[in-house]
Amino acid sequence: MKKRIAVLKKEYCNPVGCGDYLCVKLCPMNRAGKECIVKGEDSKPQINEIICTGCGICPNRCPFHAISIINLPSELNQEPIHRFGPNGFALYSLPTPIFGKVVGIVGVNGIGKSTAIKILAGELKPNFGRDESASYDELIEFFKGTEAQKFFEKVKAGEIKVGYKPQAVDQIPKIFEGTVKELLQKADEKNMFEEIAKKLDLVRVIDRDVKHLSGGELQRVAIAATVLKKANLYIFDEPTSYLDIKQRIKLSKFIQELADEETAVLVIEHDLIILDHMTDLTHIMYGLEGVYGIVSMPRTTRVGINMYLDGYIKEENIRFRDHRIKFDTQPIEREESDIVMSSWSSVEKKLGNFSLKAEPGEVKKRDVIGILGENGIGKTSFVRILSKEIEPDSGEINEKIKIAYKPQHLKGGDELVSVVLQTAIQKFENQLIIPLGIKPLLFKKLNQLSGGELQRVSIAQCLSQDADLFLLDEPSAYLDVEQRLRVSKIMADLMEVSGKSCLVVDHDLLFIDYLSKKLIVFDGEPAISGVVKGPFSMEDGMNLFLNDLNITMRRDEESSRPRVNKLDSRKDREQKSGNKLYYV
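In the numbering used here, the protein residues as written are 70 to 653.
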């Protein structure tokens, strides 16, 4: 008998909107006189998983995509570690902290990554799918014979102390009032406040009120507060969000140094280059978004990431994605267009104490150009100048074309997604709505969307406009690995087919590498001055950018994905001596 799970996404379910409990009316078992789907106490449908035959009628007919009926893998003959009530999300197994190692977790959004680490951090008590929480003895028995058994034995004995950095660092100003210094001194159990503040580049903002910090500054404050605790397990949920590439590389080294014989580190990260650079081992989490999540055995990070991209776990004989994510070993050579869509020369802009200069450059038809640079160096300001949102103090912007602009900071509202994306629904259903997974969101309001959902809606809204040049500022923010790569392919294909062009600002090097045909690189000093250089070819632009980071990159022999070489390794020295920092 197949084990079946029925999940109702209550936030999507609208019993009145579907015609008064359509699923209840359509269920064949209900028609046969059995109570398979009934109206629950919360006025939402409730599905009996034992009676349900998995006929597929209710999930296929639900207009709000609120129901999932799934036959679980035959190997999964156990109860979930945790379930969020009847017909709620189910999590199977947990990642394993290993002392002396940095262990990564990779998987799509909504697959249970944050739930898993909240259990390990003691923030959430697992319930084995029951109404009451499980005891530590039950957890020890469940994981008998594994590294997790030893971990929960130590938890039971009080030998594990956790430092946990949650995902939502933007909540810090809502729960703490005061300066960065006051927050960190309050968290400081190691008497290392000044040293950690220096390592995480917080000295300049130490006396600033937390409510005046940027996203990147809040992220580094949250990381500092976490590591200032005397802990032997540090858990970081998406530690690179809001950080620029230079900060990400620096942070990855900082987190690596935390792991020793007495300390374990767990990290959830969507930037595959940084995950690869930062971690020793990696768990793959797979299943179905919002329905159930399964944690694989840990592998060395290189092997784990390649398995994730392949979509197949050989040892467990599990195919969790129907396609392989591939990387081209070399950019596809196409004849460059002579048609110039936009150009600029001698552009200068003063913004308070910050000055921006742009060397002459141009965007041609079908160009897909990535923009790289540190935070606070003028990338967003330059994009806003090109979009005519702000005027330059001097210089020329030569363009007589229509421009569509997706800003960095997204805004919600009371409008329905279906209203905002009316053009996209009519003209780009196959190119945008379906591949971006927007159909289940159409009847939700913008202010009801998560960060990742709002980002996908904003991307679709921008790309569906009647424009010749598309400007997108940090489109990978809040997206998981697969969504990032899907978005990059959508944008590249759309520009090629339509003969239009786009400029994309982002901090995820793999995303930029996967997407771009050319690069614009920003030089200068954050918050003081910025210089716009390019567009360059990918090789020339990356060599210029990586030289400033003092890193080199190669392609993985198996998957062809970009990887950062270890500093001063043989490959690193070889590439630097030949001034070929970007692949060989």
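Every residue gets a Cβ at the ideal spot worked out from N, C-alpha and C, and that includes glycine.
Where does residue i sit, in a helix, a strand or coil, going by DSSP?
{"i": "Asp542", "result": "strand"}
{"i": "Val175", "result": "strand"}
{"i": "Thr122", "result": "coil"}
{"i": "Gln236", "result": "coil"}
{"i": "Gln147", "result": "coil"}
{"i": "Pro195", "result": "coil"}
{"i": "Phe451", "result": "helix"}
{"i": "Ser519", "result": "coil"}
{"i": "Leu563", "result": "helix"}
{"i": "Ser527", "result": "helix"}
{"i": "Thr165", "result": "coil"}
{"i": "Phe158", "result": "coil"}
{"i": "Cys82", "result": "coil"}
{"i": "His346", "result": "helix"}
{"i": "Met622", "result": "strand"}
{"i": "Gly439", "result": "strand"}
{"i": "Ile318", "result": "helix"}
{"i": "Tyr377", "result": "helix"}
{"i": "Cys127", "result": "helix"}
{"i": "Ser570", "result": "strand"}
{"i": "Glu498", "result": "helix"}
{"i": "Ile138", "result": "strand"}
{"i": "Asp407", "result": "coil"}
{"i": "Tyr547", "result": "coil"}
Can you tell me the Cα-Cα spacing of residue i and residue j, whole angstroms?
{"i": "Cys121", "j": "Gly198", "result": "18 Å"}
{"i": "Phe211", "j": "Pro164", "result": "14 Å"}
{"i": "Glu443", "j": "Gln147", "result": "47 Å"}
{"i": "Lys513", "j": "Leu485", "result": "6 Å"}
{"i": "Leu91", "j": "Tyr81", "result": "14 Å"}
{"i": "Leu160", "j": "Gly191", "result": "16 Å"}
{"i": "Phe451", "j": "Asp483", "result": "30 Å"}
{"i": "Gly123", "j": "Asn140", "result": "8 Å"}
{"i": "Lys587", "j": "Gly173", "result": "31 Å"}
{"i": "Val290", "j": "Ile126", "result": "49 Å"}
{"i": "Ser533", "j": "Leu501", "result": "8 Å"}
{"i": "Asp276", "j": "Gly109", "result": "52 Å"}
{"i": "Ala427", "j": "Val600", "result": "6 Å"}
{"i": "Met564", "j": "Ala328", "result": "44 Å"}
{"i": "Met261", "j": "Ala333", "result": "19 Å"}
Within 10 angstroms of its Cβ, does residue i collect 16 or more other Cβ (buried), or is it exposed?
{"i": "Ser137", "result": "buried"}
{"i": "Leu420", "result": "exposed"}
{"i": "Tyr205", "result": "exposed"}
{"i": "Val681", "result": "Outside the displayed range of the chain (70 to 653) lies residue 681, so it cannot be described from this structure."}
{"i": "Gln495", "result": "exposed"}
{"i": "Val85", "result": "exposed"}
{"i": "Gln552", "result": "buried"}
{"i": "Ala75", "result": "buried"}
{"i": "Val279", "result": "buried"}
{"i": "Thr369", "result": "exposed"}
{"i": "Ala226", "result": "exposed"}
{"i": "Glu543", "result": "buried"}
{"i": "Gln491", "result": "exposed"}
{"i": "Asn612", "result": "buried"}
{"i": "Lys383", "result": "exposed"}
{"i": "Asn386", "result": "exposed"}
{"i": "His392", "result": "exposed"}
{"i": "Gly181", "result": "buried"}
Between the Cα of residue i and those of the options, spot the shortest distance and give me the residue it belongs to.
{"i": "Ser414", "options": "Ala135, Lys602, Cys82", "result": "Lys602"}
{"i": "Leu287", "options": "Val231, Glu417, Lys480, Gln240", "result": "Gln240"}
{"i": "Gly285", "options": "Leu302, Glu307, Gly176, Lys299", "result": "Glu307"}
{"i": "His281", "options": "Leu341, Thr248, Ile387, Lys471", "result": "Thr248"}
{"i": "Asp562", "options": "Leu540, Val437, Asn648, Arg630", "result": "Val437"}
{"i": "Tyr381", "options": "Thr369, Arg371, Pro544, Ile353", "result": "Ile353"}
{"i": "Ser557", "options": "Asp397, Ser585, Asn301, Val76", "result": "Ser585"}
{"i": "Leu17", "options": "Gly506, Asp535, Ile589, Asp537", "result": "Given a span of 70 to 653 for the chain in the structure shown, any question on residue 17 remains unanswerable."}
{"i": "Ala473", "options": "Pro142, Cys571, Val600, Ile209", "result": "Cys571"}
{"i": "Pro242", "options": "Ser283, Ser646, Val633", "result": "Ser283"}
{"i": "Phe614", "options": "Leu441, Pro155, Phe221", "result": "Leu441"}
{"i": "Thr215", "options": "Gln477, Ala427, Pro367, Val600", "result": "Pro367"}
Run the proximity test for residue i: is its beta-carbon closer than 7 Å to any non-hydrogen atom belonging to the ligand NAP?
{"i": "Arg393", "result": "Absence of the ligand NAP is noted for the structure shown, with no ligands found whatsoever."}
Given 8 Å, three or more beta-carbon pairs between the region 458 to 466 and the region 517 to 525 | Touching, no.
For the region 247 to 259 against the region 188 to 197, do three or more pairs of beta-carbon atoms, one drawn from each stretch, fall closer than 8 Å, so that the two count as touching? No: the two stretches stay apart, fewer than three of their Cβ pairs being nearer than 8 Å.
Exercise. Could you say if the region 614 to 621 and the region 631 to 641 meet the contact criterion of at least three C-beta pairs nearer than 8 Å?
Key: Contact between the region 614 to 621 and the region 631 to 641 is present, because at least three Cβ pairs lie under 8 Å.
Across the region 607 to 614 and the region 446 to 456, are there enough close Cβ pairs to call them in contact, namely three or more that are closer than 8 Å? Contact between the region 607 to 614 and the region 446 to 456 is absent, with fewer than three C-beta pairs closer than 8 Å.
Does the region 312 to 328 come into contact with the region 570 to 588, if we say contact requires no fewer than three beta-carbon pairs (one atom in each stretch) closer than 8 Å? The answer is yes - the region 570 to 588 touches the region 312 to 328, with three or more Cβ pairs under 8 Å.
Exercise. Are there three or more Cβ pairs, one per stretch, closer than 8 Å when the region 402 to 412 is compared with the region 426 to 441?
Worked result: With a cut-off of 8 Å, the region 426 to 441 and the region 402 to 412 count as touching, because enough Cβ pairs lie within range.
| query | Contact between the region 265 to 278 and the region 291 to 308: three or more CB pairs below 8 Å? | reply | Between the region 265 to 278 and the region 291 to 308 there are three or more inter-stretch CB-CB distances shorter than 8 Å, so the stretches are counted as touching.
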